[in-house]
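Residue numbers (this note's numbering), protein chains in the order written: chain A, 1159 to 1950; chain B, 4 to 347.
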Amino acid sequence: MKVSKKWLNDYVSIADISSSILAERLTIAGLEVEGIDSLACKADLVVGEVLTCERHPDSDHLSVTTVNLGDRVEQIVCGAPNVDKGQKVIVAPIGTALPKLTIKKAVVRGVESSGMICSLNELGVDEKFLSPNSGEGIEVLGDDAIVGQDPLVYLGLDDDVLDVKQTPNRADFNALWNVAKEVGAIFNREVKWPDCECAASMGKKSQLQVSSTTVGCSLFLGKVINKLTVKESPRWLKERLMAGGVKPINNVVDISNFVMMETGQPLHFYDLAKMSVQEITVMDQRPGKLVALDENEYELLASDLVITSANKVIGIAGVMGGDDSKIDESTTGIIIEAASFSPVSIRNTSRRLDLITEAASRFTKGIEPLAPFKAMDRAIQLLIELADADDIEETVQFGDVNHVNKEVAVTLSHVNGLLGTSLSMEEVVDALARLHLSPVVDGDVITTTIPSFRTDLLIAQDLIEEVIRMVGYEKIVATLPMMPQTIGVLDDKQKVRRLIQRILISLGLQEVVSYTLIKESMLDGVLAMADPIALASPLSEDRKFVRNNLSHSVLEVVAYNQAHKNENFNIFELSQVYGKVGSQWRLSLALCGELLGNPWSKQTIKADFYAMKGLLETLFSQLGFEGTRLRLQRNQLDHQNFHPYRSAVMLLGKEVLAIFGDVHPSLAKVRGIKNVVLAEVQLDVLLAQSPAKIKFTAVNKYPKVVRDVALVADVKLEVEVLVAAINKAGKPLVQSIEVFDIFTSEELGVDKKSVALTIAYQAKEHTLTEEEVSMVHTKILENLAKAGAVLR
Amino acid sequence: MKKITDVKEAGLAAIEQSTDLNQLTQVRNEYLSKKGLVAGLMSEMKDLDASLRPAFGALVNNCKEELELALKEKQEVLQAVALQEKMAKDWIDVTLPSTKFPVANLHPLTLVQQEIEDIFRSMGYQVVEGPEVDLDLYNFERANIPADHPARDMQDTFYIDSQWLLRTHTTAIQTRTLEKSAQSLPIKVVCPGKVYRRDDDDATHSHQFTQIEGLVVGENITLADLKGTLQLLAKSMFGEDRIIRFRPSYFQFTEPSVEVDVSCHICNGAGCNVCKGSGWIEILGAGMVHPHVLDMAGIDGIRYTGFAFGLGVERVAMLKYGIDDIRHCYINDARFLSLFKRFE
């Protein structure tokens, strides 16, 4: 909202307060000032009179002038075509800083020039306030301008406009009157109103009929003025409108805008001559088209509130009038509308039509109940004063407001109890009185009467806020809650999630956070939850569904980074995913490139299936899940996202904990990614089970005996089968089994591979003898042979 | 006797002349082995007169000891030389590039979120979460946002159907917590989480962002307590010198409501680009929990009061690290993410 300091000064005397202090105090009191704009640049300009004006001896378009600045006469070279002898003009003397240049003494084509004659444009005046021809040259002032004085004062451009942000509860600030009351309260100064009360109560009997057939209009005031004169507005009125950001048009239109800004109540004026009958009805259920006074055609729905006359739609209620009945230079009589419309209805209509007019935005925010009456009074007063309004009819009214000022009470102890302050009764009463809330004290109880414009004050807490606003929040002395001491701990699930993050970053995986909303084609990711959730009104097809899996989001991050040549990028994301049945916590990992590398020394950890397997095992082991609790199976669950022969399922108990492996080549192609190993982990499976507890076991002090075996087996015989065979025969002496070499060769034969293993034997209670080891080792070799692996 | 001296002299000379460990071993064998020269001398003792034997024996032993000592000393010298030679052969180019260990870090939003969680945990707050797909009831109605409020418009909220939506603020977690803990007050929690608004993404807007809200409900909780609590937060997050100020504001959930400004951590309040010259940065919304909110949750709003506050994790991250576009937080460019690998 734009608040002109000069306009504000019409109601409350603040000329002595600097704009920056005014802004600061308003901000602290809840009217946040987001900026201060000056109508024109602040510079030391003077009104000058052009004494002589000659052609420049050396130029077609330059003139050499002498200008009287009051205390001196300067020679100024001027390039404007409209400069002439005898004009009163705006002069920027030497040293003046204009928005785009600083004036210096200059020699222009051999002629000395001491200053500049200015256009409004050069003073930084907003384009929309320039008259069409003022862009053409210098601004020529009226004859009444006094030489040597400040031309900005003469032009009314010596104003600062505060850009104030309203909170939604203070719709009353849509009326400058109410802003003035607030400013009066803040600075404890008297606020004066233009005397217009009851100005609209006069008038002769009227033929006008007003009514409403919709609940969206609770009050409608109409008034006919049979005679008035459309002309240019006086300068003060134009200045006020310009400061408010509204372009002056003519006195009648300007008055309607002025009253709206002053009282917060939008008015609409219909050209009396253009109305076929003197009847206005507010309706809904009137779908169709209307050309509004901006000359655009709008499609109206049945739910829109419209203004009709003789059963014809003539305006979009509260948003914009129709083109057919608008005021123009030929208007000689008007019908005034001052009505209350439903904020919700106006909001829906104006937002749908993208027609957020000054009127619509005020109706949307809410208007105080008595505003239509106040606005009507003020409009009549101004129309009589400025537009020769005459032959005025009585106000006709549909509906009523039956407003009664409410009483709200609060106790002093409540005030201090909620704020944590020790304010005195006098301080509290003074604050409430300054806000025109008429406090009455009875013991500890303070009862206030809420004026019609403060519809936001309903309960004691609202009054407490008013008190501290006026007293100042800086008066509150900071304390901490007095409560039983508690320890801030994370629950088990939160702890596990933090652990996972810490473990994975320490293993070199970067955490990513991606969007929850995904497109339809991403719904078939790994372990995707059934029945995905779709938004009723998505912003775009790309963000239409709540994600039901994490792997596709992670692959999207990989695709972006591969496209940007960010190599060796290994990532994870931890997030909830959703389906209609509920939500699950997921962890997704993607590896591409290398985990650790030194190319020249050939030491690298390639991001392959086995790296992912190792990462997952390390992660789960650190979380307390390892050994026989985790089982690995070939992936039979998802051959769409994964390479069918290079992926696996990890089970915890009987539940699928994770699927991981190489991304399916077809999917990789579609996503534009390469060499990616992917995993999706169902964390809820892990969180549902108890991790192993740390328990002391004595360190084995007896020596290990190590034997290597080189076996030949079928190329597709899984190593796990061999390990199982060894363990079965070797219990309990086999302490560990390690694969140290795998190869295929022609000598071994087609479909054969060599597997070399190191078996470590160790007993818990004694030192192993050679005989013991050999016996077990022989049994193991027999068992391996049965499993299909013989010594090479 | 002279023979002993000769053997000793010759032996010492041989040791001295040895230039590597092999030669030294040969000298040792020649003199000190079982059939060596020293042993030979010893064997001559049996041919001597018994009275001469002790002196002879002592001399031979002395010869043996001297040779052993000299051998040992020479061996150490030669070993040191050999080691030097070996090490010199093991020369490497120390300027070759290193083996790169994998380094990674948490996402900046996680960093900031956990930092704030931890500040409040240190003050005894519990961390409470809730569903991102939530009921209109908890997101709006219980937060004192009535049916025709603009925030409930389809234009601003991602509805799923007439009842379900993507939560628009973490206040939804607070209203659930109030209901759940109505019979087990006091409440002292922080509620972090992802939230969603129907906004087009640009440098300062994101349809998805992260909030953390705090809620304390108990007896005699005051606005002054809120001020003290947020003062601590501001100092922990942005430095000991920070001060805060309250400005009146309006939220449905609280009354009175305040915006909380923190004195600018860049210019210390003097005015700069970051604080747009004001010296203050708006960081939090806060206030005293609205009595209707307590009533709706089944909490006696006369006996109990409470404060609530909320802040945007992205906003704090952007201020703290100088991030100029909120979309960086969700694009996940490796070059952006790796900026946060330093411990701070």
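Quick reminder that beta carbons are idealized off the backbone N, C-alpha and C, glycines included. Every value quoted in this text rests on a predicted model; they were computed, and no experiment measured them.
Would you check if the distance between the CB atom of residue i and the CB atom of residue j is smaller than 9 Å?
i                 : j                 : result
Cys1236 (chain A) : Arg1536 (chain A) : no
Asn1706 (chain A) : Ala1688 (chain A) : yes
Gln1296 (chain A) : Ser1277 (chain A) : Going by the sequence as given, residue 1296 (chain A) is Ile instead of Gln. It is a contact, given that the beta carbons lie within the stated cut-off.
Asn1322 (chain A) : Gly1402 (chain A) : With the sequence shown as reference, residue 1322 (chain A) is identified as Val, and Asn is not the correct amino acid for it. Taking 9 Å as the Cβ cut-off, Val1322 (chain A) and Gly1402 (chain A) do not qualify as a contacting pair.
Pro105 (chain B)  : Leu1754 (chain A) : yes
Glu132 (chain B)  : Gln1742 (chain A) : no
Gly1479 (chain A) : Ile1438 (chain A) : no
Leu1675 (chain A) : Arg1701 (chain A) : yes
Met321 (chain B)  : Ile224 (chain B)  : no
Can you find a CB in chain A that lies within less than 9 Å of the CB of residue i?
i                : result
Glu75 (chain B)  : Just to set this straight, residue 75 (chain B) is Lys in the shown sequence, not Glu. It does not; no Cβ of chain A falls within 9 Å.
Asp156 (chain B) : yes
Val265 (chain B) : no
Glu258 (chain B) : yes
Lys238 (chain B) : no
Tyr333 (chain B) : yes
Gln177 (chain B) : no
Tyr253 (chain B) : yes
Ile126 (chain B) : According to the sequence shown, residue 126 (chain B) is Met rather than Ile. Yes, because at least one Cβ of chain A sits closer than 9 Å to the Cβ of Met126 (chain B).
Ser187 (chain B) : no
Asp298 (chain B) : no
Tyr162 (chain B) : yes
Tyr199 (chain B) : yes
When the Cα atoms are used, what is the spatial distance from residue i to residue j?
i                 : j                 : result
Asp1242 (chain A) : Val1204 (chain A) : 17 Å
Gln1920 (chain A) : Asn1858 (chain A) : 9 Å
Arg1612 (chain A) : Glu1340 (chain A) : 11 Å
Glu1192 (chain A) : Gly274 (chain B)  : 15 Å
Ala1468 (chain A) : Gln1367 (chain A) : 11 Å
Leu1448 (chain A) : Ile1472 (chain A) : 8 Å
Asn1724 (chain A) : Glu1752 (chain A) : 12 Å
Glu1585 (chain A) : Thr1579 (chain A) : 12 Å
Val1873 (chain A) : Asp1766 (chain A) : 20 Å
Lys197 (chain B)  : Leu1665 (chain A) : 26 Å
From which residue to which residue does the alpha helix (DSSP H) around residue i run?
i                 : result
Ala1537 (chain A) : 1529-1545
Thr1606 (chain A) : First-last for Thr1606 (chain A): 1603-1608, but that is the beta strand (DSSP E), not the alpha helix (DSSP H).
Ile1884 (chain A) : 1877-1888
For the beta strand (DSSP E) holding residue i, just list the boundary residues, first then last.
i                 : result
Glu262 (chain B)  : 257-266
Ser1196 (chain A) : 1190-1196
Leu1209 (chain A) : 1204-1213
Pro1802 (chain A) : 1800-1810
Leu1628 (chain A) : Note that residue 1628 (chain A) is Met in the sequence shown here, rather than Leu. Not the beta strand (DSSP E): Met1628 (chain A) falls in the alpha helix (DSSP H), residues 1618-1629.
His1572 (chain A) : From DSSP, His1572 (chain A) is part of no beta strand (DSSP E) but of the alpha helix (DSSP H) over 1570-1577.
Arg1789 (chain A) : 1788-1792
Trp94 (chain B)   : Neither: Trp94 (chain B) is in no beta strand (DSSP E) and is coded neither H nor E.
Within the 9 Å Cβ cut-off, does residue i reach chain B?
i                 : result
Gln1742 (chain A) : no
Phe1727 (chain A) : yes
Asp1649 (chain A) : yes
Gly1666 (chain A) : yes
Ile1663 (chain A) : yes
Does the beta-carbon of residue i, which I'm using as the reference point, lie nearer than 8 Å to any heavy atom of the ligand FAD?
i                 : result
Phe1778 (chain A) : The ligand FAD is not part of this structure, which contains no ligands at all.
Does residue i have its Cβ less than 9 Å from a Cβ in chain E?
i                 : result
Pro1597 (chain A) : Absence of chain E from the displayed structure is noted, the protein chains being A and B.
Notebook entry, point to check: What residues in the stretch 1308-1326 of chain A bring their beta carbon closer than 7 Å to a beta carbon of chain B?
Noted result: Among the residues of the stretch 1308-1326 of chain A, those with a Cβ less than 7 Å away from any Cβ of chain B are Thr1325, Pro1326, in the order of the chain.
Item checked: Selection of the stretch 1569-1583 of chain A by Cβ proximity to chain B, strictly under 8 Å -> Gly1575, Leu1576, Leu1577, Gly1578, Thr1579
Next item on the list: Closer than 9 Å, Cβ to Cβ, to anything on chain A: give me those residues from the stretch 80-110 of chain B, in chain order.
Entry: Leu99, Pro100, Ser101, Thr102, Lys103, Phe104, Pro105, Val106, Ala107, Asn108, Leu109, His110
Check: Closer than 9 Å, Cβ to any Cβ of chain B: which residues of the stretch 1747-1761 of chain A, in chain order?
Finding: Glu1752, Leu1753, Leu1754, Gly1755, Asn1756, Pro1757, Trp1758, Ser1759, Gln1761
Next item on the list: With 8 Å as the limit, tell me which residues of the stretch 1170-1196 of chain A have their beta carbon closer than that to any beta carbon of chain B; keep them in chain order.
Entry: Thr1185, Ile1186, Ala1187, Gly1188, Glu1190
Item checked: Members of the stretch 1617-1641 of chain A near chain B, C-beta cut-off 8 Å -> Ile1617, Gln1619, Asp1620, Ile1622, Glu1623, Ile1626, Arg1627, Tyr1631, Glu1632, Ile1634, Val1635, Ala1636, Thr1637, Leu1638, Pro1639, Met1640, Met1641
Notebook entry, point to check: Listed from N- to C-terminal order along the chain, which residues in the stretch 1671-1698 of chain A have their beta-carbon within a distance smaller than 8 Å of any beta-carbon of chain B?
Noted result: Val1671, Ser1672, Tyr1673, Thr1674, Leu1675, Ile1691, Ala1692, Leu1693, Ala1694, Ser1695, Pro1696, Leu1697
Margin query: Along the stretch 319-344 of chain B, where does the CB come closer than 8 Å to a CB of chain A? Name the residues.
Written below: Within the stretch 319-344 of chain B, the qualifying residues are Cys332, Tyr333, Ile334, Asn335, Asp336, Ala337, Arg338, Leu340, Ser341.
Next item on the list: Give the residues from the stretch 1714-1725 of chain A that approach chain B closer than 8 Å (Cβ to any Cβ), ordered along the chain.
Entry: Val1715, Tyr1718, Asn1719, His1722, Asn1724
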